[in-house]
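Trainee: Have a look at this one.
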Amino acid sequence: MGDSRPHRVIHLQPEAPDKPAHGAPCNGCGVCCAHAPCPLGIVASRRTQGACAALVWEADAQVYRCGLIVQPDRWLPVPLRRAAPLLARLARRYIAAGKGCDAHLETEKQ
Numbered sequence: 003m004g005d006s007r008p009h010r011v012i013h014l015q016p017e018a019p020d021k022p023a024h025g026a027p028c029n030g031c032g033v034c035c036a037h038a039p040c041p042l043g044i045v046a047s048r049r050t051q052g053a054c055a056a057l058v059w060e061a062d063a064q065v066y067r068c069g070l071i072v073q074p075d076r077w078l079p080v081p082l083r084r085a086a087p088l089l090a091r092l093a094r095r096y097i098a099a100g101k102g103c104d105a106h107l108e109t110e111k112q
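Sequential numbering from 3 applies to the sequence shown in our numbering.
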């Protein structure tokens, strides 16, 4: 019997860490955000599927970060940039920052 689960290729930096096990601390692998945006990422990306536009690669640390947390003012129009701290707090909540990996995804490198 073949595997009936849908497969999708997502492209990440080769230096990105491997996806941690579900429930393990986030390591910045980027898999979850490259797979689909969170509710705030939907607003930033203007799409419900595919990679979140706010997914930011930090080359020095070799990890992915949520741009809505590390660069919140970049994702807001100029008149709303005063709300950047609120956006960052909301983004931390939506991605469950500090709660562990919640992505039920299996990965393999090619």
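From the three backbone atoms N, C-alpha and C, an ideal C-beta is built for every residue, glycine too.
Are the CB atoms of A61 and Q73 nearer to each other than 9 angstroms?
Mentor: Taking the sequence shown and counting its residues from 1, the one referred to as residue 61 is at position 59. Taking the sequence shown and counting its residues from 1, the one referred to as residue 73 is at position 71. It is not a contact, given that the beta carbons lie outside the stated cut-off.
Trainee: Taking the DSSP output, what are the residues bridged to E110?
Mentor: As a first step, residue 110 is located in the sequence shown; it is residue number 108 there, counting from the start. Paired residue(s): none; E110 is not in a bridge.
Trainee: Considering only the alpha carbon of each residue, which of G69, K111 and G102 lies closest to P39?
Mentor: Counted from its first residue, the sequence shown places residue 39 at position 37. That would be G69, whose Cα lies nearest to the Cα of P39.
Trainee: Please state whether DSSP places C34 in a helix, a strand or coil.
Mentor: What you label residue 34 is simply residue 32 of the sequence shown in a count that begins at 1. C34: helix per DSSP, three-state reduction.
Trainee: Return yes when the Cβ of Y66 is within less than 9 angstroms of the Cβ of L107, no when it is not.
Mentor: Position 105 of the sequence shown, counting from 1, holds the residue named residue 107. Position 64 of the sequence shown, counting from 1, holds the residue named residue 66. Cβ distance not < 9 angstroms, so L107 and Y66 don't count as in contact.
Trainee: Suppose the cutoff is 6 angstroms on Cβ atoms and the five residues either side in sequence are ignored; what does the same chain contact list for M3 look like?
Mentor: One-based indexing of the sequence shown puts residue 3 at position 1. Confidence in M3 is poor, its pLDDT being 49 and thus under 50, which makes the residue's placement unreliable; the coordinate value appears in the next sentence. Correct list: empty, nothing qualifies.
Trainee: In terms of residues, what are the limits of the alpha helix (DSSP H) holding R94?
Mentor: As a working mapping, residue 94 is identified with position 92 in the sequence shown. Start and end: A86 to Y96.
Trainee: Between the alpha carbons of G52 and H9, how many angstroms are there, rounded?
Mentor: Indexing the sequence shown from 1 puts residue 52 at position 50. Indexing the sequence shown from 1 puts residue 9 at position 7. Whole-angstrom Cα-Cα distance: 13 angstroms.
Trainee: Between the alpha carbons of A85 and D75, how many angstroms are there, rounded?
Mentor: Your numbering for residue 85 matches position 83 in the sequence shown. Your numbering for residue 75 matches position 73 in the sequence shown. For A85 and D75, the distance between alpha carbons rounds to 8 angstroms.
Trainee: Just verifying my parser: in three-state terms, what is the DSSP assignment at R49?
Mentor: Within the sequence shown, numbered from 1, the residue matching residue 49 stands at position 47. R49 falls in the coil class under three-state DSSP.
Trainee: Hey, out of K111, T109, E110 and C103, whose CA is closest to G25's CA?
Mentor: Sequence index remark: in the sequence shown, residue 25 carries index 23 (1-based). For the residues K111, T109, E110 and C103, the minimum Cα distance to G25 belongs to C103.
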